[in-house]
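Note that this note's numbering has the sequence shown beginning at 3, numbered continuously upward. Inspection log for the structure reproduced underneath, given as structure tokens.
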Amino acid sequence: MRSYDDFSNSNETEWLIGTADGRHIAVLVEFMHRRRFGRALARHVPGFLAAPARAGVASWKTGVWQCYAPPGDPK
3 MRSYDDFSNS NETEWLIGTA DGRHIAVLVE FMHRRRFGRA LARHVPGFLA
53 APARAGVASW KTGVWQCYAP PGDPK
């Protein structure tokens, strides 16, 4: 979930990652590193869905984008 944007300078976005055991990990990503962050998620999180993540990054609206489907899930 993208939870915070500093639109005054478009500098960073906070992404909240919910884990299977109920924990949440907050990651601040600077604008210039968003592609690197997406590639790292794709490489290290089985079931990561790049298309909804790109839609979330491209949107200027508040929202939640589901960027994960368990392996074997038809999403």
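Don't be surprised by glycine CBs; every beta carbon is placed ideally from N, CA and C. Note that the structure is a prediction, hence the values are computed from the model and not measured.
(message) Restricting to runs no shorter than 4 residues, where is the alpha helix (DSSP H) found entirely within the stretch 9-51?
(response) Fully enclosed alpha helix (DSSP H) runs of 4 or longer: 36-46.
(request) Rounded to whole angstroms, what's the CA-CA distance from A60 to W67? Just pull it up for me. (result) Here residue 60 refers to the residue found at position 58 of the sequence shown. Here residue 67 refers to the residue found at position 65 of the sequence shown. Spanning the two alpha carbons is a distance of roughly 11 Å.
(request) Check whether the Cβ atoms of A28 and L43 sit closer than 8 Å, and answer yes or no. (result) In the sequence shown, the residue the question calls residue 28 occupies position 26. In the sequence shown, the residue the question calls residue 43 occupies position 41. In this structure, L43 does not lie closer than 8 Å to A28 by Cβ.
(request) Using 10 angstroms around the beta-carbon of A57, count the other beta-carbons present and answer buried if the total reaches 16, otherwise exposed. (result) Within the sequence shown, residue 57 is the residue found at index 55, counting from 1. The residue is exposed, with fewer than 16 neighbouring Cβ atoms inside 10 Å.
(message) Residues in the same chain with beta-carbon distance under 6 Å from P72, minus the five sequence neighbours each way, listed in chain order, please.
(response) Mapped onto the sequence shown, residue 72 falls at position 70. So the qualifying residues of the chain are G49.
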